[in-house]
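Each residue of the sequence shown is one higher than the one before, starting from 1 at the first, in full-length UniProt numbering.
Idealized CB from N, CA, C, for every residue including glycine.
Every value quoted in this text rests on a predicted model; they were computed, and no experiment measured them.
Reading through the structure tokens given below for one structure.
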Amino acid sequence: MTGLFTPQRNSTNGARPHRTTDDTPTVSPHRPRLEYFNLADLSWTDYRGFLHPVERIHTEPFGLYIERTVDNPRYHYVESWLLPELSLRATVYHLRPGHDRTQTHYLDIGDYGPCENKKWRAESHYLHVVARPGRAPELLGIDDLLTAHAAGQFDTARTHQAIERAAAVVDGLAACSHDVDRWLAGQGITLTWL
Numbered sequence: 001m002t003g004l005f006t007p008q009r010n011s012t013n014g015a016r017p018h019r020t021t022d023d024t025p026t027v028s029p030h031r032p033r034l035e036y037f038n039l040a041d042l043s044w045t046d047y048r049g050f051l052h053p054v055e056r057i058h059t060e061p062f063g064l065y066i067e068r069t070v071d072n073p074r075y076h077y078v079e080s081w082l083l084p085e086l087s088l089r090a091t092v093y094h095l096r097p098g099h100d101r102t103q104t105h106y107l108d109i110g111d112y113g114p115c116e117n118k119k120w121r122a123e124s125h126y127l128h129v130v131a132r133p134g135r136a137p138e139l140l141g142i143d144d145l146l147t148a149h150a151a152g153q154f155d156t157a158r159t160h161q162a163i164e165r166a167a168a169v170v171d172g173l174a175a176c177s178h179d180v181d182r183w184l185a186g187q188g189i190t191l192t193w194l
């Protein structure tokens, strides 16, 4: 796809892509981020290669569930579902007191699935949708995706696939009053959250 990186407003939230004065992207290109989840030893290896414990991890026919504590000033606990058939990772961050707000789902586009016995692989494809009940979703990460593509770190076919998947998620949420659980139920997936 020629000219993937063109200045434009983000179609879902109206934001302008970050630019410097010479109109070059301010995002550094990077390869897709890889993470690994190990059911046997209750661990998560983040994209930098650091190993972390998880509190709970289990599989369902449609995906993998992970719970873990986090040392962050804004949130203390994270829940994620890896959903291979939808090319999605659905995450909820449990905020600390003083940061409470409406339940927000973060839907990361990527490749997710088992890679070995008792081990799952998560490859993020830059784009994620921020979904809040009753509000239009925000599509983020377009600059990262297009910068990685322009730098040859993400091929054209996967770039198209990521954009199409993100558009399908946004459209699907719009058809369900921006309710993530209702949209997923329509896909035959019922998630449980804390």
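Excluding its 5 nearest sequence neighbours in each direction, Ser124 has C-beta neighbours in its own chain below 7 Å: Pro32, Arg33, Asp108 and Gly110, listed in chain order.
DSSP, read as helix, strand or coil, puts Gly186 in helix. For Arg68, there is no enclosing alpha helix (DSSP H); the residue is found in the beta strand (DSSP E) stretching over Gly63 to Thr69. Between the segment 40-54 and the segment 162-172 there are fewer than three inter-stretch CB-CB distances shorter than 8 Å, so the stretches are not counted as touching.
Between the segment 151-171 and the segment 120-137 there are three or more C-beta pairs closer than 8 Å, enough to call the two in contact. Looking at the DSSP output, Thr59 shares a beta bridge with Leu64. With fewer than 16 other Cβ atoms from the protein chains shown falling within 10 Å of its own Cβ, Trp193 counts as exposed.
Here Lys118 has Asn38, Leu39 and Ala40 as same chain residues with Cβ atoms under 7 Å from its own Cβ, once five neighbours each way along the sequence are excluded. Residue pairing by DSSP places Tyr75 opposite Leu95 in a beta bridge. Residue pairing by DSSP leaves Ile142 without any beta bridge partner.
Annotated three-state conformation of His160 is helix, per DSSP. Residue pairing by DSSP places Lys118 in no beta bridge whatsoever.
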